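Notes follow once the structure below has been shown.
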Amino acid sequence: MPPADAPAESDTAPPEAADAPPDPSDAPPEPAGPPPEPRPGTAGPGTGTGTEDTLDLKLTEELLGLIGEDRRRAAATGSASSGELLTDPGTWPGATTGAGVFHLVPVVLERDLALISRWMNDPAVAAFWELAGPDSVTADHIGPQLEGDGRSIPCLGVLDGTPMSYWEIYRADLDPLARHYPARLHDTGIHLLIGGVNHRGKGLGTTLIRTVADLALDNLPRSGRVVAEPDLRNTPSVAAFLSAGFRFSAEVNLPDKRAALMIRDRTYRDHL
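Going by the working numbering, the first residue of the sequence shown is number 899, and it counts up by one from there.
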């Protein structure tokens, strides 16, 4: 499972500047979910720690039946997401935030690998995502998602034209995470990290978590909830999710961490 929330979330200063108390509005970089799913923040996306990957969860006949029925219904109604596990976040409209206009842009490995790998080698990010090392380490994490069946989509977060964060939007109900909580059909999971110290410590974690959760709910009408699983020890990340309208649901034991299960419900999005 990809990391659930990474420093990007974690808008925390790098280790050398960590003397100041954490700003609850900024979460420290950690991935958001299980590999591609381990995820930082959630469960870091470690590569050699025995973590589970999003693509490792085999679809049961019951789930396949539900997905098939869902696709038939979508085709009959002309839904844009017909036949897809997720719609392409690259087709989602941009969102105007207090920090600028934000877009999700699906990763193109040949174009984006060097940048994402550099972020993964930032000590503040590596502590949760566990993907430090040569570019091949990051490629081995992202590649299977790009080549998979569409249940996990890695994206760059672009703010006013500048790539500044990494996100994984995934079907939480089809992820190993679903073994650890009462998942609902079409639950959407997010993992993230904010790249570059210039974008941390400014409250961007909270702003962008809320923005991406709202984009998911707006563009995935069959999804009733957005979930994340930051490491329970990552207090700034948990605080950022709370400030972004998520509620703390439970503590869950994942293969590589004890996580805080955070949920943003469509029903209450206008009240939190």
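Glycine included, each C-beta is placed from N, C-alpha and C at the ideal position.
Every value quoted in this text rests on a predicted model; they were computed, and no experiment measured them.
Check: Short Cβ contact (8 Å threshold) for P1052 with V1003; Outcome: no
Check: Secondary structure, alpha helix (DSSP H): runs of 4+ residues fully inside the region 1087-1167; Outcome: 1102-1117 and 1133-1141
Check: Residues that L1029 bridges to, as DSSP identifies them; Outcome: In the DSSP output, where bridge partners are listed per residue, L1029 has none listed.
Check: Check whether N1019 and A1030 have beta carbons under 8 Å apart; Outcome: yes
Check: Straight-line gap, A1024 to P1119 (C-alpha atoms, nearest Å); Outcome: 34 Å
Check: The region 991-1001 / the region 1038-1058 touching (three or more Cβ pairs under 8 Å); Outcome: yes
Check: Close-in-space but distant-in-sequence residues of the same chain around V1124 (CB under 7 Å, 5 per side omitted); Outcome: T1086, I1088, A1111, A1114, L1115 and R1162
Check: Per DSSP, the bridge partner or partners of I1051; Outcome: I1067
Check: Where P920 falls, given that 16 or more other Cβ within 10 Å makes a residue buried; Outcome: With a pLDDT of 40 at P920, under the threshold of 50, the modelled position of this residue cannot be trusted, and the question is left open.
Check: Nearest-angstrom Cα separation, counted from S1015 out to V1095; Outcome: 15 Å
Check: Short Cβ contact (8 Å threshold) for I1107 with A1142; Outcome: yes
Check: Beta-ladder partner(s) of G998, from DSSP; Outcome: T995
Check: For G1099, the nearest candidate out of L1072, E1127, P1134 and M1160 (CA to CA); Outcome: P1134
Check: Alpha carbon of P1032 to alpha carbon of D1047, nearest angstrom; Outcome: 26 Å
Check: Per-residue DSSP class, three states only, for L1057; Outcome: strand
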